[in-house]
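Using full-length UniProt numbering, read the sequence shown as starting at 1 and increasing by one per residue.
Everything below concerns the one structure shown next.
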Amino acid sequence: MQHELILIDDLLFALVGIEGRYISIKRVHGKADVVSFQVDASMDLALQELAKRIFPLCGSYLLIDEFVESRSQFKHGLVNHAFAAALRAFLLDYQAMVAQLEHQFRLRRLSIQGLWFYCQPMMGSMQALSTVIRKVSANNYAGSAVLNLLQSQAMAGDSAVRSLLEKMTHSASNAYLSILERWIYEGVIDDPYGEFFIAENKSLQKESLTQDYDAKYWRQRYSLKKDIPSFLANIAGTILTTGKYLNVMRECGYNVQVPVSENSKLMTFGSNHQYLECVKAAYEFASGELLSLIKEKYDLIGKLRSIKHYLLLDQGDFLVHFMDIAREELLKKHDEISVEKLQSLLDLALRTTAAAADPCHEDLTCCVERASVLKGLSRLKDLDIKNVSHSNDLEEPISITGLETFSLSYKIQWPLSIVISRKALTKYQLIFRFLFHCKHVERQLCGAWQMHQGVRALNSHGTAISRSSLLCRSMLRFINSLLHYLTFEAGFFVSFAP
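Listed below in C-alpha cells is the structure:
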C-alpha cells in the first residue's frame, strides 16, 4: 500500500513532466521529441504495468509543452504562434485536471486504478496533438502547411478528438484570416513572416506594362504560391484577383476599401462557408469599382473607339491625306526613313481632317518596323507559344520600303495598359499594317484604272487594253470589298476584343 501511494505521487509529478522517487525521465539520444519514462525495478510488477499505461500521456504533455515554448516565438510565424497559444490554453485545462487529481490524492480518495480511469479521456486528445506536433516539428511547417495538417488530422479519430482539432484549426487560422482580410478588403499584404499564399514582387513596376509583351507586372507582381490552405484552394484565384483590383486603384491614387460589417469579418471558418460569401462580396465590389474607374475617369470605351478609328480604319479619311503627303518618304527603304518627318506629316493629316475632333488623336504616333507583316505575325506566334528559339525561317524581301514597314502606335497610360496591353496593341498594329498595305494596293489600282480610262479612246481595236481594264476593275472591286469587310464588318468585333 505504501508503494502504491508513493507511485501515485510520482505519477502526478510525471503528468506535468517532473521526475519522482521511483519514476525517471530520459531522452532518447538524437531524438529530441522522444522521451522515455522508467519505473524503478524494485517496484511491484503489477504497479509497474499500471504506471506504464499512463506514461504516454506524460510524454505527450512534455512534447506539447516544449512545442509551446519554442513556437511562441514570432520567428516561427503567426500561425504557429496562434497554434501555440491555443495549445497553452489546452494545457491549462490539462494542468487543472492534474491539480484536481492531486487534491483527491491528498484526501486519500485516489487509487492508481482511479488515476488511470480519470486520465483515459485525455489520452486520445493528447496523442492526437502529439502526432500533429511531431509532423510540424519534423518538417518545420509554418503558415498554410500547419493549417492543412490540422484540417487533415481533424477528419480522423473520435468526436472528441475531431472537436479538439477543429478548435485548434480555428484558433490557428485566425492569424491567417486576418492577413487574408486585409488583402481582400484593402489590397494590402501584411505578411511579415511570408506565410500568406500570395507573393509580392516589388521589383516589377506598372510602367513596364507599356513595353512588356508578356505583361509580367499583372501576372507576377502578385502571384499564387504553392502552399494554399485547403479550405481556400477553390477560391484562391478569386482572392488573388480581388486584391489585384484594389491595388490597381491604389496605384491610381484612390485608397478604396471594401465596406466591412460585423458579418463580413473573416475571423473563423466552418461548415456554414460564411467566408466564401465574404470573398465573393469583396470580389464583386472591387471589380465593380475598378470597372467604373477605368470606364468613367479614364474613358476606356473612348480609347477603344479611338483605336478603332485609327488602327482599324473605320474612319480612314486622315490616312488618305497622309498617304498623299507622305508618299515620297514612304517609298524610301525602311532604314532611310525619317520617323520624325513622318510624325510631323501624320500630325498635319490629323489636324486637317475629321480626326481633329477626336480628343484622343494626340495619343497617336507613327513608327517604322524592321520586318514585314508576315515576319511580324511569325514572331507574334512564337511569343504566344513561348518558343522564340524555334521561330520559322520566313524569307524577308530583299528590299522593303516604308509601305511595308510603316505602322501606327498608340500611347496607353496606366491603368488602361492593363486592358489594352502591349500584346493587344501589337496585334492591332499588325492588323493596321495589313490594312495600310491594302489601302496602298487600292490606290495603285485606282491609278491604273484611271490611266486605262485615259487611253481607252486611243484603243481602236479594243483588245489588250480593254482586257487589262476589266482585270483592273475586277481587282479594284475585290480590294474594295475586302477593305469594307475588314474595316466595317470584322472590325466591329475586333475593336472591342483586346
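No residue lacks a Cβ here, since even glycine has one placed at the ideal position from N, Cα and C.
Since we're looking at a predicted model, the values are computed, not measured.
If you check the beta carbons only, do serine 421 and aspartate 358 fall under 8 Å apart?
-> Not in contact: serine 421 and aspartate 358 (Cβ atoms no closer than 8 Å).
Between the beta-carbon of glycine 143 and the beta-carbon of tyrosine 176, is there less than 8 Å?
-> For the 8 Å CB-CB criterion, glycine 143 and tyrosine 176 form a contact.
Unbroken beta strand (DSSP E) run spanning leucine 408, endpoints = For leucine 408, the enclosing beta strand (DSSP E) starts and ends at 406-410.
Residue span of the alpha helix (DSSP H) that contains cysteine 366, given as start and end = Boundaries for cysteine 366: no alpha helix (DSSP H) harbours it, while the beta strand (DSSP E) harbouring it runs 364-368, taken from the DSSP string.
Return the CA-CA distance between glutamate 19 and isoleucine 228, expressed in angstroms with no decimal places.
-> Approximately 43 Å, taken between the alpha carbons.
Thinking C-alpha only, which one of Tyr310, Gln450 and Met126 is nearest residue 502?
-> Missing from the structure shown is residue 502; the chain here goes from 1 to 498 and no further.
Proximal residues to leucine 486 (C-beta, below 7 Å), its chain only, five neighbours per side dropped | Cβ within range, chain order: Leu435.
Residue burial classification, asparagine 247 (beta-carbon count within 10 angstroms, cutoff 16) = It is buried - the Cβ of asparagine 247 has at least 16 other Cβ atoms within 10 Å.
Out of Ala99, Cys472, His76 and Thr241, point me to the one whose CA is closest to isoleucine 418's CA.
-> Checking every option, the nearest Cα to that of isoleucine 418 belongs to Thr241.
Below 8 Å between beta carbons: does that hold for valine 146 and asparagine 80?
-> For the pair valine 146 and asparagine 80, the CB atoms are nearer than the 8 Å cut-off.
Check each candidate in Pro259, Leu483, Leu300 and Gln450 and name the one with the smallest Cα separation from leucine 470.
-> Minimum Cα distance to leucine 470 is reached at Gln450.
Coarse secondary structure for glutamine 450, derived from DSSP in three states | Reduced to three states, the DSSP call for glutamine 450 is helix.
Please report the residue range of the alpha helix (DSSP H) in which tyrosine 222 lies.
-> Segment 222-224 is the beta strand (DSSP E) holding tyrosine 222; no alpha helix (DSSP H) there.
Simplified DSSP assignment, three categories, for glutamine 211 | Secondary structure of glutamine 211 (DSSP, three-state): coil.
Could you have a look at glutamine 257 and say whether DSSP puts it in helix, strand or coil?
-> Glutamine 257: coil per DSSP, three-state reduction.
Output the boundary residues of the alpha helix (DSSP H) element that contains isoleucine 294.
-> Element bounds for isoleucine 294: n/a, residue is neither H nor E.
List the whole-angstrom C-beta distance separating glutamate 200 from arginine 182, where the pair is believed to meet the contact cut-off of C-beta under 8 Å.
-> Not really, about 13 Å apart at Cβ, beyond 8 Å.
Going by Cα to Cα distance, which pick from Phe74, Gly77 and Ser130 is closest to proline 56?
-> Nearest C-alpha to proline 56: Ser130.
Please say whether tyrosine 22 and leucine 7 have beta carbons closer to each other than 8 Å?
-> Pairing leucine 7 with tyrosine 22 gives a Cβ-Cβ distance under 8 Å.
Same chain, Cβ closer than 6 Å to arginine 162, neighbours up to 5 away in sequence not counted = Closer than 6 Å at the Cβ level, and outside the excluded window around arginine 162, lie Ala154.
Is glutamate 404 buried or exposed, if buried means 16 or more other CB atoms sit within 10 Å of its CB?
-> Flag for glutamate 404 reads buried.
What is the rounded straight-line gap between the Cα of alanine 349 and the Cα of valine 373?
-> The straight-line gap from Cα to Cα measures roughly 24 Å.
Along the chain, which unbroken stretches of the alpha helix (DSSP H) at least 4 residues long are found entirely within the region 80-139?
-> The qualifying runs are 112-139.
Who are the near neighbours of glutamate 289 in its chain, counting only those whose CB is closer than 7 Å to its CB and skipping five residues on each side?
-> Once the five neighbours on either side are set aside, the close Cβ partners of glutamate 289 are Met249 and Val256.
Which of the three DSSP states, helix, strand or coil, is assigned to phenylalanine 197?
-> Three-state result, phenylalanine 197: coil.
Coil, strand or helix - glutamine 38 by DSSP | Reduced to three states, the DSSP call for glutamine 38 is strand.
Using the rule of at least 16 other Cβ atoms within 10 Å of the residue's Cβ for burial, across every protein chain shown, is glycine 454 buried or exposed?
-> For glycine 454, the number of other beta carbons within 10 angstroms of its own is below 16, and it is reported as exposed.
Leaving out the 5 sequence neighbours to the left and right, which residues in its chain are closer than 8 Å to threonine 352 when beta-carbon positions are compared?
-> If you ignore the 5 residues before and after threonine 352, its C-beta comes within less than 8 Å of the C-beta of His321, all in its own chain and listed in chain order.
Boundaries (first-last residue) of the alpha helix (DSSP H) holding isoleucine 54 | Start and end: 45-71.
Which one or two residues does DSSP pair with lysine 308 in a beta bridge?
-> Beta-bridge pairing links lysine 308 to no other residue.
Let me know if leucine 15 comes out buried or exposed under the rule of 16 or more other beta-carbons within 10 Å of its beta-carbon.
-> So leucine 15 counts as buried.
Could you check if phenylalanine 493 is buried or exposed, using at least 16 other CB atoms within 10 Å of its CB as the buried criterion?
-> At phenylalanine 493, the pLDDT of 45 sits below 50, so the modelled position is not reliable; the number obtained from the coordinates is stated separately. Classification of phenylalanine 493: exposed, given that the 10 Å Cβ count is below 16.
In this structure, does DSSP put isoleucine 400 in helix, strand or coil?
-> Isoleucine 400 falls in the coil class under three-state DSSP.
With DSSP as the reference, please indicate the residues paired to lysine 206 in a beta bridge.
-> None, per the DSSP bridge assignment.
Where does lysine 26 fall in DSSP's three states?
-> Looking at lysine 26 - three-state DSSP - the assignment turns out to be strand.
What does a CB cutoff of less than 7 Å around asparagine 387 pick up in its chain, not counting 5 residues either side in sequence?
-> Only weak support is given to the placement of asparagine 387: the predicted model assigns it a pLDDT of 46, under 50, and the value that follows is read from those uncertain coordinates. For asparagine 387, where only same-chain residues beyond five positions count, there are no Cβ hits under 7 Å.
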